[in-house]
Every structure is written in C-alpha cells, then in structure tokens.
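Peer 1: I'd like to ask some things about the structure below.
Residue numbers (mature numbering (1 follows the signal peptide of the UniProt record, and there is no 0)): -18 to -1, 1 to 280.
This is the structure in structure tokens:
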C-alpha cells in the first residue's frame, strides 16, 4: 500500500468516525472509493483558451492537459493537500490526473508576482555553480527557522535541470532537487518564470524526483502555453512610470525576494505535492495506527 493511499484512508477514517478513537483501517474500502470518486468528480476543468487574472495573461491549455480555476485550486492546495493558504491563479493537470489520484505524477501551480520589471542584463554572465552554492547555504541557514515553525528541514541537493533563460521570449526555467527531513524520496521543484511588464508569472511543478523525465517531455508545451496580453508584456515596460524589481535574473532564481518581505517567508513557502504533503498532514495518525516514523515505508 503506497503512502498516499494510507494517508487518504486515514483521511476518510477520520471523517467517517470524527468523534471516535481511530484505531484501525477496518472500514469499508468501497466507501473510501466512493468518497474519493466524489471528491475527484466535484471539480470543473477548462480546456482551450483561458483568460488569466482578469486579462493579465492568456493560457492556451496544451493538448493533453486541463485547467482548474483559482477558487477550486485553493481548495485542492490547502484543504486536500494540506499546504499553507495561497492565492493561485490556477492549477494545470495532465488530462488523466485528478487531485486525489493514487498514481499522481504532477500538476503545475500558476501564480503571479507583481514584484516589478525584472532587468535581465546579467543573464548571460551568471555563474550557476556559484549561484547553487549560495542557495544551498541560504537554505541551510533557514533550517532552524523552518524547524521552529513546524516545518521539516530541507537540503538543496543540486540542479535537477540547470537554469536556462530564453532571451527572446523572456522565459526562464530551472529545476531543483530537494531533500526533506524524514523522507526517503527527494522532491523535484521545477520552476518556470514568464517575465512581464510589472512582474512575472510563476509556473511551479512539484512532485518527487522520479517525475523529472515525465515533466521534461511536457515542458515545451507548457512553456509555450502562456503569454502576457498586450500592455502587460515585457516589451511594454515604461521606465517613466513602471517599477523596476530590486533583483535581476540571479535573484529570481536564488529566491532573493527577501529584504522587506523577509527571507524566511520565502524559504518557508516550499510546498510539496500529494505523495509527500498528504503523508505529512496525517503523520500523527499514521504513527498512532502503525507505530512508524515519518520515513517508514508503509
């Protein structure tokens, strides 16, 4: 039985017996499947052209994918997957995936950050090895704060895919391999940034490291699927009235959106998809039922 299934079983056990002591998984599996199907069937997806964030950008949902709007995505990310509250524009799923799929691969969260115009003059001169070392040290330094706030510590293992900046189309992408305390399988954090006039679109795919080849096969379709609308594009920047971000391409990759907002706020924002996040959410119940630790394979 995989970890996601155990977590979901615990979820339904808790809701079916909310006032009783949960001491076994001996409830009707058919009821579990019915409840699971009910959740997965409760969502309404979109395909084709989707207008994002009140006309800010357009998503042409790639063939083989489906889009979940902002309100439904909040429900998935926070209520079902146990992540901190956020303001997503939406979630992009492969068409055969559902939020509570036992064999989940990945989904892509889409957000917008109005941080200002990102100057890209430095892009060609960046040393990504040096940048990686800096990021590794930053994450290590943030671990005590993560621990204090109830998060697992984490380690940046390295680039799963080194940064690449498409100067012509103003699109940046890279992937990190992260190791979270207590988990045997490392996490893949694949980042895509689409630069615009006043900020950037953030397309963030997270799953375990084994989904890298799956995502790479879809990456170009996803990269080409979203564009800012006229008036919001990078080329529409007006230096007389528009704000310039306090960091460039290197800071965007490294996560140096810190100064006033706080470095730890950014580092703590890492969230993890179903196979890891759901187990973390129900780890207390799992320990009670199985007597195992977080890293146990159940």
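Quick reminder that beta carbons are idealized off the backbone N, C-alpha and C, glycines included.
All values reported here derive from a predicted model rather than from experimental measurement.
Pairing CB atoms from the region 59 to 75 with CB atoms from the region 116 to 136, are three or more of them under 8 Å?
Peer 2: With the cut-off at 8 Å, the region 59 to 75 and the region 116 to 136 do not touch.
Peer 1: List the endpoints of the continuous alpha helix (DSSP H) containing residue 211.
Peer 2: Unbroken run through residue 211: none, as it is neither H nor E.
Peer 1: So residue 113 and residue 37 are supposed to be a Cβ contact under 8 Å. How far apart are they, rounded?
Peer 2: So it is not a contact: roughly 34 Å between Cβ atoms.
Peer 1: Once the 5 residues before and after residue 216 are set aside, which same chain residues still bring their CB inside 7 Å of it?
Peer 2: 152, 177, 178 and 179, listed in sequence order.
Peer 1: If distances are taken between C-alpha atoms only, which option among 162, 235, 156 and 24 comes closest to residue 197?
Peer 2: Looking at the Cα atoms, 156 is the closest of the given residues.
Peer 1: Would you mind working out which of 96, 48 and 192 sits nearest residue 207, comparing C-alpha positions?
Peer 2: Per the Cα distances, 48.
Peer 1: Leaving out the 5 sequence neighbours to the left and right, which residues in its chain are closer than 7 Å to residue 161 when beta-carbon positions are compared?
Peer 2: If we look at residue 161 and ignore the five residues flanking it on each side, its Cβ neighbours are 136, 137, 139 and 168.
Peer 1: Report all residues from its chain with a CB closer than 7 Å to the CB of residue 79; omit the five preceding and five following residues, and keep chain order.
Peer 2: Taken in chain order, the residues that qualify are 86, 87 and 89.
Peer 1: Going by DSSP in three states, residue 68 sits in which element: helix, strand or coil?
Peer 2: Residue state, collapsed to three classes: coil.
Peer 1: Give the DSSP-derived three-state secondary structure of residue 6 in the structure shown.
Peer 2: At residue 6 the pLDDT is 47, less than 50, meaning the model places this residue with poor confidence; the figure from the coordinates comes in the next sentence. In this structure, residue 6 counts as coil in the three-state DSSP scheme.
Peer 1: According to DSSP, is residue 55 part of a helix, a strand, or is it coil?
Peer 2: Residue 55: helix per DSSP, three-state reduction.
Peer 1: Can you round the beta-carbon distance between residue 181 and residue 95 to whole angstroms, since I take them to be within the 8 Å contact cut?
Peer 2: That belief holds up - the Cβ atoms of residue 181 and residue 95 are roughly 5 Å apart, short of 8 Å.
Peer 1: Tell me where the alpha helix (DSSP H) around residue 110 begins and ends.
Peer 2: Residue 110 -> alpha helix (DSSP H) spans 110 to 130.
Peer 1: If you follow the alpha helix (DSSP H) that residue 232 is in, where does it begin and where does it stop?
Peer 2: Segment 231 to 236, the alpha helix (DSSP H) holding residue 232.
Peer 1: I need the DSSP call for residue 19, collapsed to helix, strand or coil.
Peer 2: Reduced to three states, the DSSP call for residue 19 is helix.
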